[in-house]
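Notes follow the structure.
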């Protein structure tokens, strides 16, 4: 797995209010986003706000059963460059004994994604997203060039 | 506050084991780090592992009192370019009604740092770190040029 992070997602109780906080209080500008999520482009790293229940569903977890430490209130994602890369990353993780939370599979938003847990149970998504481009230096571009 | 993230910190129970997981299982290489923390350079974004208790102390919170959702098992940091920038960011946050978790102050590692909470209680540190350089494009360089 290349040494980079593509997206960080914070779980939120009320998407509209959470988005308004980052826009009005912090002063950031959201990228045009589907209604069920809010994306902010932090210079090639995607920062996203996503309802807590949807987040739990995404990783096949009950809303309050995703492990200690409240690790389900956020998620880190590494976007691979292809489906084959996702599979290769999971092969290695499995071989090295990492806890796989969800085997990679085709997902509703058109991508291919799985989850693993780090040593403390923090969830990492590893995904291939055909709508985004991973630039050579590892940054994410949300608009196809 | 410029639209960028400088560091993401995950709270860990055992620093040595957590670091070994990212090195041996994920396959990443840590940057030379002080013994009490582990840094990984993700291309201008610093990923760090830090003991949970130290994290709570850092933001003046009891280890289990930092709000719902386990928001204390991770922290996001925005590194400003100067102490004055940190103060200006907190002035705006205060004026806009954000919850300030810790007013900015000189801290033991040589920097100047404060914390605020977003709408859901997720903690953000805003810091000036004299040991790191913020490049023009917002990426962090951990070695002085």
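Residue numbers (the working numbering), protein chains in the order written: chain C, 1 to 145; chain L, 1 to 145.
Ideal Cβ placement from N, Cα and C applies to all residues, glycine included.
#1: Which residue spans inside the segment 41 to 105 of chain C form an unbroken alpha helix (DSSP H) run of at least 4?
#2: If you run the structure through DSSP and keep just helix, strand and coil, what is residue 10 of chain C?
#3: For the segment 122 to 133 of chain L and the segment 70 to 89 of chain L, state whether three or more C-beta atom pairs, one from each stretch, are separated by less than 8 Å.
#4: Classify residue 107 of chain C as helix, strand or coil using the three-state DSSP reduction.
#5: Apart from the five residues just before and just after residue 33 of chain L, which ones in its own chain have a Cβ nearer than 6 Å to its Cβ?
#6: Below 7 Å CB to CB, which residues in the same chain sit around residue 89 of chain L once its five sequence neighbours on both sides are set aside?
#7: Show which residues of chain C have a CB atom less than 8 Å away from the CB atom of residue 131 of chain L.
#8: Determine the closest residue to residue 17 of chain C out of C/50, C/43, C/45, C/85, with distance taken between C-alpha atoms.
#9: Hey, would you say residue 45 of chain L sits closer than 8 Å to residue 140 of chain L, going by beta carbons?
#10: In angstroms, rounded to a whole number, what distance separates the CA positions of residue 107 of chain C and residue 7 of chain C?
#11: Does the Cβ-Cβ distance between residue 58 of chain L and residue 128 of chain L come in under 8 Å?
#12: Is it the case that the Cβ atoms of residue 93 of chain C and residue 116 of chain C are separated by a distance below 8 Å?
#13: Who are the neighbours of residue 96 of chain L on chain C, taking C-beta pairs under 7 Å?
#14: Counting only Cβ pairs nearer than 7 Å, list the residues of chain C close to residue 138 of chain L.
#15: Is the Cβ of residue 4 of chain C closer than 8 Å to any Cβ of chain L?
#16: Residue 68 of chain C to residue 100 of chain C, Cα distance in whole Å?
#17: Please state the DSSP three-state secondary structure of residue 5 of chain L.
#18: Can you tell me which of L/78, L/143, L/4, L/36 puts its alpha carbon nearest to the alpha carbon of residue 113 of chain L?
#19: Going by other Cβ atoms of all chains shown within 10 Å of its Cβ, with 16 needed for buried, is residue 130 of chain L buried or exposed?
#20: Does the distance from the CB of residue 27 of chain L to the CB of residue 55 of chain L come in under 8 Å?
#21: Looking only at C-alpha atoms, which of L/118, L/138, L/143, L/142 sits nearest to residue 25 of chain C?
Walking through what the data contain:
#1: 52 to 58, 83 to 95
#2: The residue labelled residue 10 of chain C in the question sits at position 10 within the first chain. DSSP places residue 10 of chain C in strand when its eight states are reduced to three.
#3: yes
#4: Numbered from 1 along the first chain, position 107 holds the residue referred to as residue 107 of chain C. Note: residue 107 of chain C maps to coil in three-state DSSP.
#5: The residue labelled residue 33 of chain L in the question sits at position 33 within the second chain. Same-chain partners within the cutoff: 39.
#6: Taking the second chain and counting its residues from 1, the one referred to as residue 89 of chain L is at position 89. Around residue 89 of chain L: 1, 80, 126.
#7: The residue given as residue 131 of chain L occupies position 131 in the second chain. Those within 8 Å of residue 131 of chain L in chain C number zero; the least Cβ separation is about 21 Å.
#8: Within the first chain, the letter at position 17 stands for residue 17 of chain C. The shortest Cα separation from residue 17 of chain C among C/50, C/43, C/45, C/85 belongs to C/50.
#9: As a first step, residue 45 of chain L must be located in the second chain, where it is residue number 45. As a first step, residue 140 of chain L must be located in the second chain, where it is residue number 140. Against a cut-off of 8 Å, the Cβ pair of residue 140 of chain L and residue 45 of chain L comes out as a contact.
#10: Translated into the one-based positions of the first chain, residue 107 of chain C becomes position 107. Translated into the one-based positions of the first chain, residue 7 of chain C becomes position 7. Computed Cα separation, rounded: 17 Å.
#11: For the purposes of this step, residue 58 of chain L is identified with residue 58 of the second chain, where counting begins at 1. For the purposes of this step, residue 128 of chain L is identified with residue 128 of the second chain, where counting begins at 1. Cβ atoms of residue 58 of chain L and residue 128 of chain L: not closer than 8 Å.
#12: Translated into positions along the first chain, residue 93 of chain C becomes position 93. Translated into positions along the first chain, residue 116 of chain C becomes position 116. The answer is yes: Cβ separation under 8 Å.
#13: Locating residue 96 of chain L in the second chain gives position 96, where the first residue counts as 1. Within chain C, the residues near residue 96 of chain L are 24, 25.
#14: In the second chain, the residue the question calls residue 138 of chain L occupies position 138. The contacting residues are 43.
#15: In the first chain, the residue the question calls residue 4 of chain C occupies position 4. Closer than 8 Å: yes.
#16: Mapped onto the first chain, residue 68 of chain C falls at position 68. Mapped onto the first chain, residue 100 of chain C falls at position 100. Since pLDDT at residue 68 of chain C reaches only 34, below the 50 mark, its modelled position is unreliable, and no value is offered.
#17: For the purposes of this step, residue 5 of chain L is identified with residue 5 of the second chain, where counting begins at 1. Three-state DSSP puts residue 5 of chain L in coil, outside helix and strand.
#18: For the purposes of this step, residue 113 of chain L is identified with residue 113 of the second chain, where counting begins at 1. The shortest C-alpha separation from residue 113 of chain L is found at L/78.
#19: One-based indexing of the second chain puts residue 130 of chain L at position 130. Residue 130 of chain L comes out exposed.
#20: By one-based count along the second chain, residue 27 of chain L stands at place 27. By one-based count along the second chain, residue 55 of chain L stands at place 55. Their beta carbons are not under 8 Å apart, which means residue 27 of chain L does not touch residue 55 of chain L by this criterion.
#21: The residue labelled residue 25 of chain C in the question sits at position 25 within the first chain. Looking at the Cα atoms, L/118 is the closest of the given residues.
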